[in-house]
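Asks:
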Amino acid sequence: MRPLMALSATLMFALVACGQAAAPVDAGAQTAATVGGEVTAAERAAILTALGEGGAAAQLENECGEMVAPQFLPADVGPGVGRAVAFVMSGGPNMASCYGDGPYVRLMRNSGGEWTEIYSRRGGMVAILPTRHRGGNDLADGGPGFSFPVWEWNGTAYAFAHREIADTDLGDARFLP
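Going by this note's numbering, the first residue of the sequence shown is number 6, and it counts up by one from there.
This is how it looks when you write it as structure tokens:
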């Protein structure tokens with residue numbers, strides 16, 4: 006079963022690297038759980054303001070000059086992190102011909118009523134691992150490949166852990182799109 010889940014994860018990484026969202030192939034694969042309900046309009050506005058984008062943008066310009074609608078996805082990354090939301094900018098229609106375009110994930114944390122960026126990744130998937138540090142789940146990122154860099158929660162933000170995880174060990178991971 007683990008090889009099938011690893012194959013599913015690798016396939017998802019490959020599709021996301023191409024800018025296409027993919028549903029888990031295996032019934033055992035998991036997507037990141039929603040925590041604390043949907044992202045409210047007030048949270049969206051506060052996140053956009055924290056990112057310097059103004060508070061009411063329905064669409065933003067990506068690196069290729071195209072207007073795309075950002076996604077706001079609540080993510081369970083552990084009790085030590087608290088309320089977290091993934092701000093995702095997907096690639097636009099010219100993604101295949103525009104270098105640098107593709108999914109851009111910025112994980113935002115609400116601490117004391119203020120939203121701050123605690124992790125960012127361009128062009129690949131984010132795997133939420135079952136292992137934890139300081140109450141926050143470890144993260145792995147990457148596109149298609151055989152191993153992925155791991156990031157650990159340091160109490161304030163995610164920092165590179167100077168280790169990797171093999172794709173065959175991603176069976177219990179949950180994925181952010």
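Cβ coordinates follow ideal geometry from the N, Cα and C atoms, glycine included.
Terminal residues of the continuous beta strand (DSSP E) containing Val-161?
Replies: On the sequence shown, residue 161 is found 156 positions in, with the first residue counted as 1. Looking at the sequence shown, residue 161 is not Val but Thr. Taken as a continuous stretch (DSSP letters only), Thr-161 belongs to no beta strand (DSSP E), as it is neither H nor E.
Asks: Look at the alpha carbon of Ile-170 and the alpha carbon of Arg-126, and state the distance between them as a whole number of angstroms.
Replies: As a working mapping, residue 170 is identified with position 165 in the sequence shown. As a working mapping, residue 126 is identified with position 121 in the sequence shown. Approximately 17 Å between the Cα atoms of the pair.
Asks: Going by C-alpha to C-alpha distance, which of Gly-42, Val-155, Ile-52 and Ile-123 sits closest to Ala-166?
Replies: In the sequence shown, counting from the first residue as 1, residue 166 sits at position 161. The shortest Cα separation from Ala-166 among Gly-42, Val-155, Ile-52 and Ile-123 belongs to Val-155.
Asks: Among Asp-174, Phe-151 and Leu-134, whose alpha-carbon lies nearest the alpha-carbon of Val-82?
Replies: Residue mapping note: residue 82 aligns to position 77 of the sequence shown, counting from 1. It is Leu-134.
Asks: In this structure, how does DSSP classify Thr-45 when only helix, strand and coil are distinguished?
Replies: Taking the first residue of the sequence shown as 1, we reach residue 45 at position 40. Note: Thr-45 maps to coil in three-state DSSP.
Asks: Do Pro-84 and Val-44 have their C-beta atoms within less than 8 Å of each other?
Replies: As a first step, residue 84 must be located in the sequence shown, where it is residue number 79. As a first step, residue 44 must be located in the sequence shown, where it is residue number 39. Cβ distance not < 8 Å, so Pro-84 and Val-44 don't count as in contact.
Asks: Could you spell out where the beta strand (DSSP E) holding Asp-143 opens and where it closes?
Replies: Position 138 of the sequence shown, counting from 1, holds the residue named residue 143. Unbroken beta strand (DSSP E) run through Asp-143: 141-147.
Asks: Hey, out of Arg-49, Glu-157 and Tyr-109, whose CA is closest to Gly-60's CA?
Replies: Position 55 of the sequence shown, counted from the first residue, corresponds to residue 60. The shortest C-alpha separation from Gly-60 is found at Arg-49.
Asks: Is the beta carbon of Leu-181 closer than 8 Å to that of Val-110?
Replies: Position 105 of the sequence shown holds residue 110. Position 176 of the sequence shown holds residue 181. Their beta carbons are under 8 Å apart, which means Val-110 touches Leu-181 by this criterion.
Asks: According to DSSP, Glu-68 sits in a beta bridge with which residue or residues?
Replies: By 1-based counting over the sequence shown, the position of residue 68 is 63. Answer is none; Glu-68 lacks a bridge partner.
Asks: Taking 7 Å as the limit between beta carbons, can you name the residues of its chain near Gln-193, skipping five residues before and five after?
Replies: This structure cannot speak to residue 193, because the chain is shown only from 6 to 182.
Asks: Does Arg-168 pass the burial test, meaning 16 or more other C-beta atoms within 10 Å, or should it be called exposed?
Replies: Position 163 of the sequence shown, counted from the first residue, corresponds to residue 168. By the 10 Å Cβ count, Arg-168 comes out exposed.
Asks: Assign Ser-95 to buried or exposed, taking buried as 16 or more other Cβ atoms, counted over all protein chains shown, within 10 Å of its Cβ.
Replies: Position 90 of the sequence shown, counting from 1, holds the residue named residue 95. Looking at its Cβ environment, which holds 16 or more other Cβ atoms inside 10 Å, Ser-95 is buried.
Asks: Does DSSP put Ala-51 in a helix, in a strand, or in coil?
Replies: In the sequence shown, the residue the question calls residue 51 occupies position 46. It is helical.
Asks: Quick one: Cα of Ile-123 to Cα of Ser-152, how far?
Replies: Mapped onto the sequence shown, residue 123 falls at position 118. Mapped onto the sequence shown, residue 152 falls at position 147. Looking at the two C-alpha atoms, the distance is approximately 22 Å.
Asks: Starting from Ser-125, follow its DSSP beta bridges and name the residues at the other end.
Replies: Indexing the sequence shown from 1 puts residue 125 at position 120. For Ser-125, which the question treats as bridged, DSSP gives the partners Arg-111.
Asks: Short of 6 Å in beta carbon distance, which residues of its chain neighbour Gly-141, apart from the five on each side in sequence? Order them along the chain.
Replies: Here the question's residue 141 lines up with position 136 in the sequence shown. Result list for Gly-141: Val-82, Gly-83, Gly-85, Val-86 and Trp-158, in chain order.
Asks: Going by the DSSP bridge assignment, what does Pro-79 pair with across the sheet?
Replies: Position 74 of the sequence shown, counted from the start, is the residue given in the question as residue 79. Per DSSP, Val-90.
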